[in-house]
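A quick write-up on the structure given underneath.
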Amino acid sequence: SQTIHQWPATLVQPVGSPLSLECTVEGTSNPNLYWYRQAAGRGLQLLFYSVGIGQISSEVPQNLSASRPQDRQFILSSKKLLLSDSGFYLCAWITATEAFFGQGTRLTVV
Amino acid sequence: QQPVQSPQAVILREGEDAVINCSSSKALYSVHWYRQKHGEAPVFLMILLKGGEQKGHDKISASFNEKKQQSSLYLTASQLSYSGTYFCGTVVWTSGTYKYIFGTGTRLKVLA
Chain A
1 SQTIHQWPAT LVQPVGSPLS LECTVEGTSN PNLYWYRQAA GRGLQLLFYS VGIGQISSEV
61 PQNLSASRPQ DRQFILSSKK LLLSDSGFYL CAWITATEAF FGQGTRLTVV
Chain B
1001 QQPVQSPQAV ILREGEDAVI NCSSSKALYS VHWYRQKHGE APVFLMILLK GGEQKGHDKI
1061 SASFNEKKQQ SSLYLTASQL SYSGTYFCGT VVWTSGTYKY IFGTGTRLKV LA
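Each protein sequence line maps, in turn, to chains A and B. Position 59, counted from 1, in the first sequence is what the working numbering calls 59; the numbers after and before it change by one each time, with no gaps. Just so we're on the same page, the working numbering is the position in the second sequence counted from 1, plus 1000.
Now the structure itself:
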């Protein structure tokens, strides 16, 4: 079956610390994968998307980066977190007919 | 570039109806609709692929007019469980590739 896993579910990190969020997909190959961020009470902002291994497109300039080391793995990273990086992060696998989301990661930078 | 939804927020009583609109400045080839509860990931409701297509899901239905670059979500006889934020989503072609973006969102609250 088709599933998408994202972890961790919650994270509290100090300013300046690194970040690594991981997303993996099961039940398909060569999925189109996306990272979104949602600030409190706001919409879903596209951060990165990837159509294949090693292919990353960035939407907004920021101190975040993404990587796709394997076909079904998508990683969101930062070397030094900012307070403004707080939010709800979602990984998504989107096909022509359906969308699957990870459980989301609630990141609080303190 | 982000599709604009209207209204931004709506409050209903149980049993009342609501319409949520999604308008794009770019051509729409398909539209997805989602509902998101607070603190949770969005839940996929339905996809519309063709101009003028309508689909239904329980008492929730939607229409898609690709000529007008619009889609509407219809909530009939609303239930408390319908509360949440609704997003439309669509694929756009830009910079030589496709990417998926969400609309601005509509917060819906159903009161008993």
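The beta carbon of each residue, even a glycine, is placed where N, CA and C say it ideally should be. These figures come from a predicted structure and were not determined experimentally.
Partner residues on chain B for residue i, Cβ-Cβ distance less than 9 Å
i	result
E98(A)	H1032, F1044, I1047
Q103(A)	E1040, A1041
V15(A)	Ordered by position in chain B, no residue passes the 9 Å Cβ test against V15(A), which lies about 23 Å from the chain.
With 16 other Cβ atoms within 10 Å as the buried cut-off, status of residue i
i	result
K1099(B)	buried
D1017(B)	exposed
H5(A)	exposed
G1015(B)	exposed
L1108(B)	buried
G41(A)	exposed
P14(A)	exposed
A85(A)	Note on residue identity: the sequence assigns Asp, not Ala, to residue 85(A). Classification of D85(A): buried, given that the 10 Å Cβ count is 16 or more.
S1071(B)	buried
I1047(B)	buried
N30(A)	exposed
A99(A)	buried
H1038(B)	exposed
G16(A)	exposed
L1045(B)	buried
Host beta strand (DSSP E) of residue i (start-end)
i	result
I1101(B)	1097-1102
Y89(A)	87-94
E26(A)	19-26
V1043(B)	1043-1048
P69(A)	64-70
L105(A)	The sequence shown places Thr at residue 105(A), not Leu. Its beta strand (DSSP E) spans residues 105-109.
S1063(B)	1060-1065
G1089(B)	1084-1094
H5(A)	3-7
V1031(B)	1031-1036
A961(B)	Nothing about residue 961(B) can be reported from this structure: the residues present for chain B run from 1001 to 1112 only.
Opposing strand residues paired with residue i [DSSP bridges]
i	result
L82(A)	None; L82(A) has no bridge partner.
A1009(B)	R1107(B)
S1078(B)	According to DSSP, which records beta bridges pairwise, S1078(B) is partnered with nothing at all.
I53(A)	I53(A) is not bridged to any residue.
R42(A)	Answer by DSSP bridge pairing: none, since R42(A) is not bridged.
L11(A)	L107(A)
S29(A)	DSSP lists no partner for S29(A).
A99(A)	I94(A)
T76(A)	Residue 76(A) is actually Leu in this sequence, not Thr. L76(A) is bridged to L21(A), A66(A).
V1004(B)	S1023(B)
Residues that residue i contacts on chain B, provided the C-beta gap is smaller than 7 Å
i	result
V109(A)	Residues of chain B passing the Cβ test: none, with the nearest at roughly 18 Å.
Where residue i meets chain A, residues with beta-carbon distance less than 9 Å
i	result
F1064(B)	The contacting residues do not exist; F1064(B) stays about 14 Å from chain A at best.
Contacts of residue i in chain B (Cβ-Cβ under 8 Å)
i	result
S58(A)	What S58(A) touches in chain B: nothing, since even the nearest Cβ is about 11 Å away.
Below-9 Å beta-carbon distance, residue i vs any chain C residue
i	result
V12(A)	In summary, chain C is missing from the structure at hand, where the protein chains are A and B.
Contact test: residue i Cβ vs the ligand SAH heavy atom, cutoff 8 Å
i	result
K1026(B)	Inclusion of the ligand SAH in the displayed structure is not the case, the ligand content being empty and no account of it being possible.
* Residues of the segment 1095-1111 of chain B with a CB closer than 7 Å to any CB of chain A: list them in chain order, please. => Cβ contacts with chain A come from T1097, K1099, Y1100, I1101, F1102, T1104, G1105.
Quick one: which residues of the segment 17-45 of chain A get their C-beta closer than 7 Å to a C-beta of chain B? List them in chain order. Y34, G43, L44
Residues of the segment 73-96 of chain A with Cβ closer than 8 Å to any Cβ of chain B, in chain order:
F88, L90, A92, I94, A96
Item checked: Contact list for the segment 1075-1092 of chain B against chain A, Cβ threshold 9 Å -> Listed in sequence order: T1085, F1087, G1089, V1091.
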